[in-house]
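Taking the working numbering, I'd label the letters of the sequence shown as residues 252 to 657.
Every residue gets a Cβ at the ideal spot worked out from N, C-alpha and C, and that includes glycine.
A quick write-up on the structure given underneath.
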Amino acid sequence: MDEAPAFGISILLAYLVLAASYLLRHTSLSQWISGALGLLSFAGSFALIAFRQLPALIIVVFGIAVCIVWQIVWYDSRHFSRVVTFAISQIRLWTLVALGLVASVVTALLYAGYLLVIYNLRRIWDVSVPSCTKDRNLYTPRFIAAIILLSATTYWITHVISSFAHILGALFAKNHVLSNVKSESGHSTIRRTAIRATLRSTYSSVCFGAGLVSFSSFLKDLGMASGQNMSLTPDSNFSSTTGALLLTLLVYLAPFHAALDSKNSEWTFSMMALDSTTYWEANKSGVALMSAAGLDILKDSGLFQMISYFPVVIGVVSALSTFLLIILKPGPVEETKDVLIAEVLVAFAFFGGSQIARAAFAPFKGAMCTIFVMMARDPAAFQEHYGQVWTRLEELHPGVAEALLK
């Protein structure tokens, strides 16, 4: 019950950001977001001060700093981001909006089902704990293992939903670009394919790739959570030793995270949509293509950064809203007589909110990545039929645009 407002806020904020992106065709997104964030942050800061919630206020301040830095990044590439946004808005816009809405709602319902199962498991725990000590010692780890397996499966399925939304957005972008190119010149190096046939041939690869992405994210989150062990038991005699060990392990995990990131390229699912190939082949060819073309640098553009990282910001807002809801209405939480329930709800609101927002953004990210990949694969046709995008690319990265035509 406490998560419903947070998940609703996540969907609302995701579509407010998408609406702001659409308005970019007529006005400056950076100014629009600056004013909105300024008013919201001003009001939110006073509310947090009134309730004496210093930790939440600190998080808001850091969030404002992150948004300011993002606006600086956006300003440097605002003209390029504007024309790319306009190109995306021409690709069956309402279909992309509906697809994102369906993906986000399905993700929210999946998390609601997860909470319902956890609630029922808790009731089973209350009434079915064995009286025998030996059986109780085996019952507890098995119960915890079942919860971990359920959580991992739910997290993986949410990534599968986002991945399929990404693939569908990429397919819509691919067919739209090809229809424009072929209607004007009749020539393209990329084949137009049926959406149903592509999904049928890449279904298992999408599920596998989503599993790899979710596994990578899970390991990163687990590493960060392990680092918090120092603050969990400050009075323990082994606190300093455990903290030093965990920090050392996190240092050694950094190359491991880099290796995982190399297998989770942003271009992989778009390459799967273009070539109807497997995840591994698409990842290898996508990295090689974008690196050789020099278009990997587009991941630093403001639009790419917004679509990639705004779900995290929305997840933070979702967690803060849950935190404030628990503070204002602590009755339901206190009735459970569980000390950790508040922390668990806030953490769950972050993961659920960010995943819901990521699902809403996925079709638009798929369309954006596909435009960039098709630009790298057939630059001459793209220069001819999408002149505004090409002109802004020349202004943003003249060396890259020149090298593409050689």
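* Measuring CA to CA, which of 602, 625, 556 is closest to residue 423? -> Indexing the sequence shown from 1 puts residue 423 at position 172. Minimum Cα distance to residue 423 is reached at 625.
* Rounded distance between the beta-carbons of residue 563 and residue 605, thought under 8 angstroms -> Position 354 of the sequence shown, counted from the first residue, corresponds to residue 605. Position 312 of the sequence shown, counted from the first residue, corresponds to residue 563. Right, the Cβ-Cβ distance comes to about 6 angstroms (below 8 angstroms), so this counts as a contact.
* Can you list, in chain order, the residues of its chain whose CB lies under 6 angstroms from that of residue 261, leaving out five sequence neighbours each side? -> Within the sequence shown, residue 261 is the residue found at index 10, counting from 1. Here the set comprises 565, 569, 604, 607, 608.
* Asked: Are there three or more Cβ pairs, one per stretch, closer than 8 angstroms when the region 399-413 is compared with the region 350-368?
  -> The region 399-413, when compared against the region 350-368, does touch it at the 8 angstroms Cβ threshold.
* **Coil, strand or helix - residue 580 by DSSP** => For the purposes of this step, residue 580 is taken as the residue at position 329 of the sequence shown. Correct three-state label for residue 580: coil.
* To do: Drop a sphere of 10 angstroms on the beta-carbon of residue 230, count the other beta-carbons inside from all chains shown, and report buried for 16 or more, exposed for fewer.
  => Residue coverage of the chain in this structure runs from 252 to 657, which leaves residue 230 outside it and unanswerable.
* Cβ contact check for the region 327-342 and the region 640-655: 3 or more pairs under 8 angstroms -> By the criterion of at least three beta-carbon pairs nearer than 8 angstroms, the region 327-342 is in contact with the region 640-655.
* Asked: Around the C-beta of residue 534, are 16 or more other C-beta atoms found within 10 angstroms, so that it is buried, or is it exposed?
  -> For the purposes of this step, residue 534 is identified with residue 283 of the sequence shown, where counting begins at 1. Residue 534 counts as buried, since no fewer than 16 other beta carbons sit within 10 angstroms of its beta carbon.
* Verify whether the separation of the beta carbon atoms of residue 655 and residue 614 is less than 8 angstroms. => Here residue 655 refers to the residue found at position 404 when the sequence shown is read from its first residue. Here residue 614 refers to the residue found at position 363 when the sequence shown is read from its first residue. The answer is no: Cβ separation not under 8 angstroms.
* Going by the beta-carbon positions, is the gap between residue 237 and residue 632 smaller than 8 angstroms? -> Only positions 252 to 657 of the chain appear in the structure, and residue 237 is not among them; the question remains open.
* To do: Identify whether residue 746 lies in helix, strand or coil by the three-state DSSP scheme.
  => Look at the range of the chain in this structure, 252 to 657, and you will see that residue 746 is not part of it.
* Would you mind stating whether residue 518 and residue 537 have Cβ atoms separated by less than 8 angstroms? => Position 267 of the sequence shown holds residue 518. Position 286 of the sequence shown holds residue 537. Result yes, Cβ atoms of residue 518 and residue 537 sit closer than 8 angstroms.
* To do: Give me the Cβ distance between residue 414 and residue 351, rounded to the nearest whole Å; I'm assuming they're in contact under 8 angstroms.
  => By 1-based counting over the sequence shown, the position of residue 414 is 163. By 1-based counting over the sequence shown, the position of residue 351 is 100. Going by Cβ atoms, the distance from residue 414 to residue 351 rounds to 13 angstroms, so no, they are not a contact pair.
* From the DSSP output, in three-state form, read off residue 549 for me. => Along the sequence shown, one-based indexing puts residue 549 at 298. It is helical.
* From what residue to what residue does the alpha helix (DSSP H) around residue 648 run? -> Counting from 1 along the sequence shown, the entry for residue 648 is found at position 397. Careful: residue 648 lies outside any alpha helix (DSSP H) and carries neither H nor E.
* Hey, quick one: how far does the alpha helix (DSSP H) through residue 637 stretch, first residue to last? -> Counting from 1 along the sequence shown, the entry for residue 637 is found at position 386. For residue 637, there is no enclosing alpha helix (DSSP H), as DSSP marks it with neither H nor E.
* **Continuous alpha helix (DSSP H) stretch holding residue 532: start and end** => The residue you call residue 532 lines up with position 281 of the sequence shown. Membership of residue 532 in the alpha helix (DSSP H) is indicated by the continuous run 530-544.
* Are the CB atoms of residue 619 and residue 571 nearer to each other than 8 angstroms? -> As a first step, residue 619 must be located in the sequence shown, where it is residue number 368. As a first step, residue 571 must be located in the sequence shown, where it is residue number 320. In this structure, the beta-carbon distance from residue 619 to residue 571 does not fall below 8 angstroms.
* Asked: Grouping DSSP H, G and I as helix and E and B as strand, with all else coil, what is residue 515?
  -> Indexing the sequence shown from 1 puts residue 515 at position 264. The three-state secondary structure of residue 515, taken from DSSP, is coil.
* Where does residue 418 land, buried or exposed, given buried means 16+ other C-beta within 10 angstroms? -> The count along the sequence shown starts at 1 and reaches residue 418 at position 167. Flag for residue 418 reads buried.
* **Collapsed DSSP secondary structure at residue 629 in the structure displayed** => Position 378 of the sequence shown, counted from the start, is the residue given in the question as residue 629. The answer is coil: DSSP assigns residue 629 none of H, G, I, E or B.
* Using three-state DSSP, classify residue 657 as helix, strand or coil. => Working through the sequence shown from its first residue, we reach residue 657 at position 406. In the three-state reduction of the DSSP assignment, residue 657 falls in the coil class, being assigned neither a helical nor a strand state.
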